[in-house]
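A.B. asks: Protein chains in written order, with the UniProt record's numbering: chain A, 1 to 432; chain B, 1 to 251. Note that beta-carbon positions come from the ideal geometry of N, C-alpha and C, so glycine has one too. Predicted, not measured: the structure shown is a model, and the values here were computed from it. Encoded as structure tokens, here's the structure I'll be asking about.
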């Protein structure tokens, strides 16, 4: 489950334990997580994470692996969700008999069907044309969802009851923990399938078309067909994520297929790192944590997510996974220790700077949003008056002093980085 | 014997400007055929027309007797014609190994399969290693193609073009920008990987052309003015006046 672009045939001979180890570890992690984090809010957060992981990975089949920048991926997620919700209602009305745990596959098939329909014309071209068509389709579907009230339920959306399905082995999904294991099982299966897809001739050619679509045509492959197949597969997995969403929340609304949700999945994949298979997984986990935890503490959490996205695009386009991967060579040469002290010395003033910036932003927000006459605010347990000068002086000082000290630490950090990554004497000449 | 490639009255215009003006050309099966000519003569355009990158304005192209005019590049490749490019044209983020493997997958019948795991296909991976050994990049197999040296990238270009076992291989300036020693290596590589196949190449280096080619066609302003053996081309007055004389003066 590492970088999908730089692996080669050497993996064919990798021992079984090495190949299966990460998957066994992932399965074990999914089983024990709710035992460690057992509160209702933790289960809620993990359920959302699981759904977003599948959704973000499906998106990365387009962007990271196929080079298709989509602004409308929520269409397949949302349509899978709506159709799954209707199916749950049909099951409740006994029009259909289907175990609830199979509903996501139905969502996937809906995603696939719409992937085939929309992909048949949108994948003719890559680049800007594809991006614009995806944006147009996204807007079209979002507008349609408010027009076709009979199907989409208007602004209220469509709701259902997941507990009314056939009771299999005593599981009726009345408890959130039961839904957790349903989502975890589907997440495990779909992550595995999407990973395996990336290791097939089709997955490899998706990478090739991403890198150089013209060259791919001169080795026998139609770039359009490669994009189309990737697009359909991506729609299928997004539909499964939509089905899981419908089961988890028992309601699907217009918001689930509009541009905002399409933007969220782009953020998750990019922040995590689109060049790595596990990038979107990390992105989805981080985003969900920011969304659920940060939103408990601040009303402007979306601003922080936006800033994180902009900083990622500007400074670490490989995403958070890319930052981890950058440390690979130093780790293999057992030189990570060289970086510890410089990281602490640069990290402390950086934290001070961030505290200053966050304090400044929160105070501005308080000034704008607080009720008239309410001048006191609390930040990290400290009470102060936003109309007084001193708190402003303090946050500005924290920000500027932190920035200055961070800058002074950068040369040492760079030096330590070069030292940690300098090739070993035995490597010299091998990679000439 | 059927020609490997037969061009009949091939014309290509961009707007009102005619770049290729009624080219007739027969390239025999198994020969090494060089197309030479001054800059702007239309050599690369002719390559693009044969390989499907550009559509014809007029005329026809046949590959081993079968018409391939205006087919898309992937269909022409499937019929047995493979090519390299003047400007290095690889999959830069993918490893050298993956580049060659992608070049082999279609002919090994994997097509658009999403039910084979490429790392477990032993025959495919063995063949990739053979190609890498052949082009001298086996020890660079893990490196992303985008960070190879120029000469290595050119070798990989030739390797990808030849890997699929196409009967007809077209190389567009395979030694451009190389030093003398790199050029010598490239010539021996081209000889090795095109053994028993038809080779068509565009090349500016006359040393390479006269060393490698069985026959040479001279293209000047979109027209073939001569097609003959290297010896006869060297002594052809029209060619000397139109091209080789100018080359000699530059040299």
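Count the other C-beta atoms from every protein chain shown that fall within 10 angstroms of the C-beta of residue 180 of chain B, then say buried if there are 16 or more, exposed otherwise.
C.D. replies: Walking along the second chain from the start, residue 180 of chain B turns up at place 180. Exposed, because fewer than 16 other Cβ atoms sit within 10 Å of the Cβ of residue 180 of chain B.
A.B. asks: So that I know if they touch, is there some Cβ in chain B lying closer than 9 Å to that of residue 215 of chain A?
C.D. replies: The residue labelled residue 215 of chain A in the question sits at position 215 within the first chain. Cβ-Cβ to chain B under 9 Å: yes for residue 215 of chain A.
A.B. asks: Tell whether a beta-carbon distance below 9 Å holds between residue 152 of chain B and residue 140 of chain B.
C.D. replies: For the purposes of this step, residue 152 of chain B is taken as the residue at position 152 of the second chain. For the purposes of this step, residue 140 of chain B is taken as the residue at position 140 of the second chain. In this structure, residue 140 of chain B lies closer than 9 Å to residue 152 of chain B by Cβ.
A.B. asks: Could you check whether the Cβ of residue 70 of chain B sits closer than 9 Å to any Cβ belonging to chain A?
C.D. replies: In the second chain, counting from the first residue as 1, residue 70 of chain B sits at position 70. Chain A, which has no Cβ nearer than 9 Å to the Cβ of residue 70 of chain B, makes this no.
A.B. asks: The alpha helix (DSSP H) with residue 189 of chain A in it runs from where to where?
C.D. replies: For the purposes of this step, residue 189 of chain A is taken as the residue at position 189 of the first chain. Residue 189 of chain A -> alpha helix (DSSP H) spans 176-198.
A.B. asks: Answer with buried or exposed for residue 411 of chain A, where buried requires no fewer than 16 other C-beta atoms within 10 angstroms of its C-beta.
C.D. replies: To locate residue 411 of chain A, count along the first chain from 1; it is residue 411. By the 10 Å Cβ count, residue 411 of chain A comes out exposed.
A.B. asks: How would you label residue 86 of chain A, buried or exposed, when you count the other beta carbons within 10 angstroms and need 16 or more for buried?
C.D. replies: The sequence position of residue 86 of chain A within the first chain is 86, counting from 1. With 16 or more Cβ atoms within 10 Å of its Cβ, residue 86 of chain A is classed as buried.
A.B. asks: Is the region 69-85 of chain A touching the region 126-143 of chain A, taking contact as three or more C-beta pairs under 8 Å?
C.D. replies: Taking 8 Å as the limit for Cβ pairs, the verdict is that the region 126-143 of chain A does touch the region 69-85 of chain A.
A.B. asks: Which one or two residues does DSSP pair with residue 26 of chain B in a beta bridge?
C.D. replies: Here residue 26 of chain B refers to the residue found at position 26 of the second chain. Looking at the DSSP assignment, residue 26 of chain B forms a beta bridge with B:6.
A.B. asks: Would you decide whether residue 73 of chain A is buried or exposed? Buried here means 16 or more other CB atoms lie within 10 Å of its CB.
C.D. replies: The sequence position of residue 73 of chain A within the first chain is 73, counting from 1. It counts as buried.
A.B. asks: Buried or exposed: which applies to residue 367 of chain A, given that a residue is buried once 16 or more other Cβ atoms fall within 10 Å of its Cβ?
C.D. replies: Residue numbering aside, residue 367 of chain A sits at position 367 when the first chain is read from its first letter. Exposed, by the Cβ-count rule.
A.B. asks: Quick one: what does DSSP say residue 123 of chain B is sitting in, helix, strand or coil?
C.D. replies: Residue mapping note: residue 123 of chain B aligns to position 123 of the second chain, counting from 1. Here residue 123 of chain B sits in helix by DSSP.
A.B. asks: Would residue 208 of chain A count as contacting chain B if we go by Cβ distances under 9 Å?
C.D. replies: Taking the first chain and counting its residues from 1, the one referred to as residue 208 of chain A is at position 208. By this cut-off, residue 208 of chain A is an interface position.
A.B. asks: Taking the alpha-carbon of residue 267 of chain A as reference, which of A:56, A:36, A:41 and A:30 has the nearest alpha-carbon?
C.D. replies: As a first step, residue 267 of chain A is located in the first chain; it is residue number 267 there, counting from the start. Residue 267 of chain A has its Cα closest to that of A:56, out of A:56, A:36, A:41 and A:30.
A.B. asks: Note down, in chain order, every chain A residue with its Cβ under 9 Å from the Cβ of residue 114 of chain B.
C.D. replies: Within the second chain, the letter at position 114 stands for residue 114 of chain B. Going along chain A in sequence order, the residues near residue 114 of chain B (Cβ under 9 Å) are 196, 197, 200, 201, 202, 203, 229 and 233.
A.B. asks: Residues of the region 90-102 of chain B in Cβ contact with chain A at a cutoff of 9 Å, in chain order, please.
C.D. replies: Against chain A - using a Cβ distance shorter than 9 Å - the residues of the region 90-102 of chain B are 90, 91, 92, 93, 94, 95, 96, 97, 98, 99, 101 and 102.
A.B. asks: I'd like to know if the region 216-229 of chain A and the region 104-113 of chain B are in contact, where contact means that at least 3 CB-CB pairs between them fall below 8 Å.
C.D. replies: In short, these stretches touch, since the Cβ pair count reaches three.
A.B. asks: Just to confirm the assignment, what range does the beta strand (DSSP E) spanning residue 218 of chain B have?
C.D. replies: Sequence index remark: in the second chain, residue 218 of chain B carries index 218 (1-based). Unbroken beta strand (DSSP E) run through residue 218 of chain B: 215-220.
A.B. asks: For chain B, check one thing: does any of its Cβ atoms lie closer than 9 Å to the Cβ of residue 226 of chain A?
C.D. replies: Translated into positions along the first chain, residue 226 of chain A becomes position 226. At least one chain B Cβ lies under 9 Å of residue 226 of chain A.
A.B. asks: Starting from residue 381 of chain A, trace the beta strand (DSSP E) both ways and give me its first and last residue.
C.D. replies: For the purposes of this step, residue 381 of chain A is taken as the residue at position 381 of the first chain. It is not in any beta strand (DSSP E) - residue 381 of chain A carries neither H nor E in the DSSP assignment.
A.B. asks: Using only CA atoms, which one of A:328, A:229 and A:282 lies nearest to residue 207 of chain A?
C.D. replies: To locate residue 207 of chain A, count along the first chain from 1; it is residue 207. It is A:229 whose Cα lies nearest to the Cα of residue 207 of chain A.
A.B. asks: Can you give me the start and stop residues for the alpha helix (DSSP H) that residue 142 of chain B sits inside?
C.D. replies: Start at 1 with the first residue of the second chain, and residue 142 of chain B comes out as number 142. Element bounds for residue 142 of chain B: n/a, residue is neither H nor E.
A.B. asks: For residue 222 of chain A, go through chain B and note every residue whose CB falls closer than 8 Å to its CB, in chain order.
C.D. replies: Position 222 of the first chain holds residue 222 of chain A. Chain B residues near residue 222 of chain A: 72 and 74.
A.B. asks: In angstroms, rounded to a whole number, what distance separates the CA positions of residue 10 of chain B and residue 24 of chain B?
C.D. replies: The residue given as residue 10 of chain B occupies position 10 in the second chain. The residue given as residue 24 of chain B occupies position 24 in the second chain. If I take the Cα positions, the gap works out to 7 Å.
A.B. asks: Report, in whole angstroms, the separation of the C-beta atoms of residue 33 of chain B and residue 215 of chain B, which I expect to be a contact under 8 Å.
C.D. replies: Residue mapping note: residue 33 of chain B aligns to position 33 of the second chain, counting from 1. Residue mapping note: residue 215 of chain B aligns to position 215 of the second chain, counting from 1. Their Cβ separation, rounded to whole angstroms, is 5 Å, which keeps residue 33 of chain B and residue 215 of chain B in contact under 8 Å.
A.B. asks: Give the list of continuous alpha helix (DSSP H) stretches no shorter than 4 residues that lie fully inside the region 287-354 of chain A.
C.D. replies: As far as the region 287-354 of chain A is concerned, its whole alpha helix (DSSP H) runs of at least 4 residues are 301-315, 319-326 and 328-332.
A.B. asks: Give me the DSSP bridge partner(s) of residue 172 of chain B.
C.D. replies: Taking the first residue of the second chain as position 1, residue 172 of chain B is located at position 172. According to DSSP, residue 172 of chain B bridges with B:202.
A.B. asks: Just the Cα atoms here: how many angstroms apart are residue 184 of chain A and residue 185 of chain B?
C.D. replies: Residue numbering aside, residue 184 of chain A sits at position 184 when the first chain is read from its first letter. Residue numbering aside, residue 185 of chain B sits at position 185 when the second chain is read from its first letter. When rounded, the distance between both Cα atoms is 56 Å.
A.B. asks: Please report the residue range of the beta strand (DSSP E) in which residue 59 of chain B lies.
C.D. replies: On the second chain, residue 59 of chain B is found 59 positions in, with the first residue counted as 1. Residue 59 of chain B -> beta strand (DSSP E) spans 58-63.
A.B. asks: Excluding five sequence neighbours on each side, which residues of the same chain lie with their C-beta closer than 6 Å to the C-beta of residue 294 of chain A?
C.D. replies: Your numbering for residue 294 of chain A matches position 294 in the first chain. Correct list, in chain order: 301.
A.B. asks: Can you tell which of B:39, B:40, B:67 and B:38 has its C-alpha closest to the C-alpha of residue 52 of chain B?
C.D. replies: Residue 52 of chain B sits at position 52 when you count from the first residue of the second chain. Here the closest residue by C-alpha is B:67.
A.B. asks: For a test of the three-state rule: what should DSSP assign to residue 191 of chain B, helix, strand or coil?
C.D. replies: The residue you call residue 191 of chain B lines up with position 191 of the second chain. Reduced to three states, the DSSP call for residue 191 of chain B is helix.
A.B. asks: Helix, strand or coil for residue 228 of chain B? Go by DSSP, reduced to three states.
C.D. replies: Along the second chain, one-based indexing puts residue 228 of chain B at 228. Strand.
A.B. asks: Under 9 Å, Cβ to Cβ, is there at least one residue of chain B near residue 183 of chain A?
C.D. replies: Walking along the first chain from the start, residue 183 of chain A turns up at place 183. Judged by the 9 Å Cβ criterion, residue 183 of chain A is not in contact with chain B.
A.B. asks: In the structure shown, what three-state DSSP assignment does residue 14 of chain B receive?
C.D. replies: The residue given as residue 14 of chain B occupies position 14 in the second chain. Reduced to three states, the DSSP call for residue 14 of chain B is strand.
A.B. asks: Taking only the alpha-carbon atoms, compute the straight-line gap between residue 235 of chain B and residue 36 of chain B and give it to the nearest angstrom.
C.D. replies: Stepping through the second chain from its first residue, residue 235 of chain B is reached at position 235. Stepping through the second chain from its first residue, residue 36 of chain B is reached at position 36. Answer to the nearest angstrom: the Cα atoms are 15 Å apart.
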